[in-house]
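**Q** Using numbering that gives the first Met the number 0, the first residue of the sequence shown is number 0, and each one after it goes up by one. Think of the CB as a built atom: it goes at the ideal place given N, C-alpha and C, for glycine as much as any other residue.
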Amino acid sequence: MNLNLANSTNKGYPAPMAKHTILLVEDEKPIREMVFFALDGDEYKVVDAVNGRQASEYLNTHTPDLILMDWMLPDVSGLEMVRRIKRDEVLSSIPVIMLTAKTEEQNKVEGLDAGADDYITKPFSVKELSARIRAAIRRSGSNDKNRLSNGVLILDLDKHTILINDNELDAGPTEFKLLEFFMSHPEKVYSRAQLLDFVWGRSKFVEERTVDVHILRLRKLLKPHGCDKMIQTVRGYGYLFLVA
Ligand code: CA
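(1) What ranges does the beta strand (DSSP E) occupy inside the stretch 125–195, keeping only unbroken runs of at least 3 residues that lie completely in it?
(2) Please find out if some non-hydrogen atom of ligand 1 comes closer than 7 Å to the beta-carbon of Leu72.
(3) Quick one: using the 10 Å Cβ neighbour count with 16 as the cut-off for buried, is Asn142 buried or exposed?
(4) Any heavy atom of ligand 1 within a distance shorter than 7 Å of the CB on Asp157?
(5) Report yes if the CB atom of Ile136 is closer than 8 Å to the CB atom of His19, and no otherwise.
(6) Give a single yes or no on whether Asp26 has its beta carbon closer than 7 Å to a heavy atom of ligand 1.
(7) Can you tell me whether Thr209 is helix, strand or coil according to DSSP?
(8) Under the criterion of a Cβ to heavy atom distance below 7 Å, does Asp47 qualify as lining ligand 1?
(9) Is it the case that the CB of Asp69 approaches a heavy atom of ligand 1 more closely than 7 Å?
(10) Should Thr62 be labelled buried (16 or more other beta-carbon atoms within 10 Å of its own) or exposed?
(11) Any idea if Glu127 is buried or exposed, counting beta-carbon neighbours within 10 angstroms, 16 or more meaning buried?
(12) What is the DSSP secondary structure of Met68, counted as helix, strand or coil?
(13) Relative to the alpha-carbon of Leu111, which residue among Leu98, Phe123, Lys121 has its alpha-carbon at the smallest distance?
(14) Thinking Ser183 and Leu147 are a contact (beta carbons under 8 Å), I'd like their distance in whole angstroms, please.
(15) Three or more C-beta pairs under 8 Å: does that hold for the stretch 196–210 against the stretch 156–170?
(16) Would you kindly check if the distance between the Cβ of Val81 and the Cβ of Ala54 is under 8 Å?
(17) To the nearest angstrom, how far is the alpha carbon of Val210 from that of Asp196?
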């Protein structure tokens, strides 16, 4: 495991660093590799699928932040995939950028009619792709900024509810705040003292053991849904939340 130790001298609340997951559906290996090398890193996690079937399987259990969809796939057309995604209640809010060699205006119209949010013509540069992705995620944020998701786990910040596969978990306010912190600061280890500062607030005197108690409660809530492993204990240091 590659552990990123949070800066223990950090005095402020760390900047939100939720990593965006991008699902890339593309059968051409050179394009998959190019997108992966260009984007997978601190800002994005790239998951790829080589055909519609693989993409559908992934989407049954995950809600990525953006989908890059090739038009010509070996098993189903990208256009048909976009239609399915946009008809799905959970998936419809995910921005979809279509990747295609087709440049004709008619195809572009068809893609947008099917519900694609944007359209990028091959060959494209990494710079162009990054700019389009950033813009699409920014736009989608205005509709969906009050939700955090990690795999099947969804945190609705407006309703203050935790959802897993449409089941609402009965979480207390502290468990909710703790999970909110973890989900917006994944893949980084935080000490108990840091969690007390960030989640409970500096002004309150709370023993470090309290953190363990609430982590235990949170894991108990997540366990029946197989999500308890998202919270990892880092011996001698603290806790880390894993991206699904
Ligand atoms: Ca293709």
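**A** Put simply:
(1) Runs of the beta strand (DSSP E) spanning 3 or more residues and lying entirely within the stretch 125–195 occur at 146–149, 152–155, 160–163, 166–168, 188–190, in chain order.
(2) For the purposes of this step, residue 72 is identified with residue 73 of the sequence shown, where counting begins at 1. For Leu72, the shortest separation between its Cβ and any heavy atom of ligand 1 lies below 7 Å.
(3) Here residue 142 refers to the residue found at position 143 when the sequence shown is read from its first residue. Note that Asn142 scores a pLDDT of 47, beneath 50, so its modelled location is shaky; the value from the coordinates is reported in the next line. Exposed, since its Cβ has fewer than 16 Cβ neighbours within 10 Å.
(4) By 1-based counting over the sequence shown, the position of residue 157 is 158. Not under cutoff, so the answer is no.
(5) Your numbering for residue 136 matches position 137 in the sequence shown. Your numbering for residue 19 matches position 20 in the sequence shown. It is a contact, given that the beta carbons lie within the stated cut-off.
(6) In the sequence shown, counting from the first residue as 1, residue 26 sits at position 27. Asp26: yes, Cβ under 7 Å from ligand 1.
(7) Within the sequence shown, numbered from 1, the residue matching residue 209 stands at position 210. Of the three classes helix, strand and coil, the one that applies to Thr209 here is helix, per DSSP.
(8) For the purposes of this step, residue 47 is taken as residue 48 along the sequence shown, with counting starting at 1. No; taking the cut-off as 7 Å, the Cβ of Asp47 has no heavy atom of ligand 1 nearer than that.
(9) Indexing the sequence shown from 1 puts residue 69 at position 70. Asp69 has its Cβ nearer than 7 Å to a heavy atom of ligand 1.
(10) Taking the sequence shown and counting its residues from 1, the one referred to as residue 62 is at position 63. In this structure Thr62 is buried. Its beta-carbon is surrounded by 16 or more other beta-carbon atoms within 10 angstroms.
(11) In the sequence shown, the residue the question calls residue 127 occupies position 128. It is exposed - the Cβ of Glu127 has fewer than 16 other Cβ atoms within 10 Å.
(12) The residue you call residue 68 lines up with position 69 of the sequence shown. Strand.
(13) For the purposes of this step, residue 111 is taken as the residue at position 112 of the sequence shown. Of Leu98, Phe123, Lys121, the smallest CA-CA separation from Leu111 is found for Leu98.
(14) For the purposes of this step, residue 183 is taken as the residue at position 184 of the sequence shown. For the purposes of this step, residue 147 is taken as the residue at position 148 of the sequence shown. The Cβ separation is near 6 Å, so the contact holds.
(15) Contact fails: fewer than three Cβ-Cβ distances are below 8 Å.
(16) Start at 1 with the first residue of the sequence shown, and residue 54 comes out as number 55. Start at 1 with the first residue of the sequence shown, and residue 81 comes out as number 82. With a cutoff of 8 Å on beta-carbon distance, Ala54 and Val81 are scored as not near each other.
(17) Here residue 210 refers to the residue found at position 211 of the sequence shown. Here residue 196 refers to the residue found at position 197 of the sequence shown. Using only the alpha carbons, I get a separation of about 11 Å.
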